[in-house]
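All residue numbers for the sequence shown refer to the numbering used here, where the first residue is 122 and numbers rise by one. Read the structure below first, then the notes.
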Amino acid sequence: MSLVKERVSDRRVVKLIDRYLKAGVLMGGVPRPSEQGTPQGGPLSPWLSNVLLDKLDKELERRGHCFVRYADDCNIYVRTRKAGERVMASVTNYLERQLKLKVNEAKSAVDRPWRRTFLGFTFTGRRGNRRKVSDKAMKGFKMEIRIRTRRTRGVTLRTVIADLRVYLLGWHAYFGFSEVTGMFKELDSWIRRRLRCYLWKQWGRRGYRELRRRGVSRDLAWNTCKSAHGPWRLSRSPGLAFALPGPYFAALGLPRLFAKH
């Protein structure tokens, strides 16, 4: 709070922040007092982190380190493991003695940059070390797409694509910072396959008529409909690829991650 008062001159704002910190929390529906820390999930937590850890930024700049920090998450880059261990020990000592903070040892480590993640990003292991989306972020993205394109959702394809459009544009606005773009092309293909699977399941018994209406030959449409394979396997069949090409989904408003990049 002393650091907040140095930056905020309005006493009403300072008093509001102080009350916010002491308001308590609900644990299982039971109110409990706040003894330390800040409420998570709101705008106050990262702002207070930046106010306090600005001192860490200045200290790292004084030492000449290359680093990146967002709120309470920080990466410091050095040339060797020995240097990393030395910096890790000295920075931990500074945080605990000067700023009275506890370093989370379970989440802290000295390691290669491509074995660590930062805000959903990591690096390639080859020389050049380009930025790329982390495996954890990719897994979360695919899980979200699966939820939005599940076959039992029961809404029109236009509704599904309108929902996807909002999510995809927001996701790309953040992860488009990646320098490795090949995965974007693969994701585009995978999303279109999910949508073909969704629509094929929705067509049901009228699948043959829908394929013929979209210009698929009689034999190919018949073989597709009478196939023993399930919707996911058929979603990459020649018949559905011809009937539902990429431009069809683009016309419905589906953005392309690779093209946007």
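Note that CB positions come from ideal geometry on N, CA and C, so glycine has one too. Predicted model, so just to flag it, every value in this text is computed and none were measured.
Can you check whether the CB of ASP193 is closer than 7 Å to the CB of SER170? On the sequence shown, residue 170 is found 49 positions in, with the first residue counted as 1. On the sequence shown, residue 193 is found 72 positions in, with the first residue counted as 1. Cβ distance < 7 Å, so SER170 and ASP193 count as in contact.
Selection from GLU156, ASN344 and PRO234 that minimises the alpha carbon distance to VAL146: Counting from one through the sequence shown, the residue named residue 146 turns up at place 25. Ranking GLU156, ASN344 and PRO234 by Cα distance to VAL146 puts GLU156 first.
Please report the distance separating the alpha-carbon of SER299 from that of GLU206. Mapped onto the sequence shown, residue 299 falls at position 178. Mapped onto the sequence shown, residue 206 falls at position 85. Using only the alpha carbons, I get a separation of about 28 Å.
Whole angstroms are fine: how far does the CA of MET259 sit from the CA of GLU180? Sequence index remark: in the sequence shown, residue 180 carries index 59 (1-based). Sequence index remark: in the sequence shown, residue 259 carries index 138 (1-based). Those two C-alpha atoms are separated by around 34 Å.
Three-way DSSP call (helix, strand, coil) for THR243 in this model: By one-based count along the sequence shown, residue 243 stands at place 122. Strand, per DSSP.
One or two residues paired with PRO152 in a DSSP bridge: What you label residue 152 is simply residue 31 of the sequence shown in a count that begins at 1. Answer is LEU147, bridged to PRO152.
Three-state class that DSSP yields for PHE171 in the structure shown: Looking up residue 171 in the sequence shown gives position 50. The question names Phe, but residue 171 is Asn in the sequence shown. Looking at ASN171 - three-state DSSP - the assignment turns out to be helix.
Let me confirm a value: HIS350 is counted as buried when at least 16 other C-beta atoms fall within 10 Å, else exposed. Which label applies? If you number the sequence shown from 1, residue 350 lands on position 229. Classification of HIS350: exposed, given that the 10 Å Cβ count is below 16.
Checking 7 Å against the spacing of the C-beta atoms, do LYS143 and VAL135 come in under that value? Here residue 143 is taken as the residue at index 22 of the sequence shown, counted from 1. Here residue 135 is taken as the residue at index 14 of the sequence shown, counted from 1. No, they are not a contact pair.
Do ARG333 and LEU361 have their C-beta atoms closer together than 7 Å? Residue mapping note: residue 333 aligns to position 212 of the sequence shown, counting from 1. Residue mapping note: residue 361 aligns to position 240 of the sequence shown, counting from 1. Against a cut-off of 7 Å, the Cβ pair of LEU361 and ARG333 comes out as no contact.
Using alpha carbons as the reference points, say which of GLU217, ILE197, ARG274 and ARG252 lies closest to MET304. Here residue 304 is taken as the residue at index 183 of the sequence shown, counted from 1. Closest option to MET304, Cα to Cα, is ARG252.
How is LYS253 classed by DSSP in three states: helix, strand or coil? Counting from 1 along the sequence shown, the entry for residue 253 is found at position 132. The DSSP-derived three-state label of LYS253 is strand.
Excluding the 5 residues preceding and the 5 following ARG272 in the sequence, name in chain order all residues of the same chain whose CB lies nearer than 6 Å to its CB. Locating residue 272 in the sequence shown gives position 151, counting from the first residue. Result list for ARG272: TYR319 and LYS322, in chain order.
Residue range of the unbroken beta strand (DSSP E) whose run includes ASP194: The sequence position of residue 194 within the sequence shown is 73, counting from 1. Start and end: 194-198.
By a C-beta neighbour count over all protein chains shown, 10 Å radius and 16 as the cutoff for buried, is VAL212 buried or exposed? The sequence position of residue 212 within the sequence shown is 91, counting from 1. Buried, since its Cβ has 16 or more Cβ neighbours within 10 Å.
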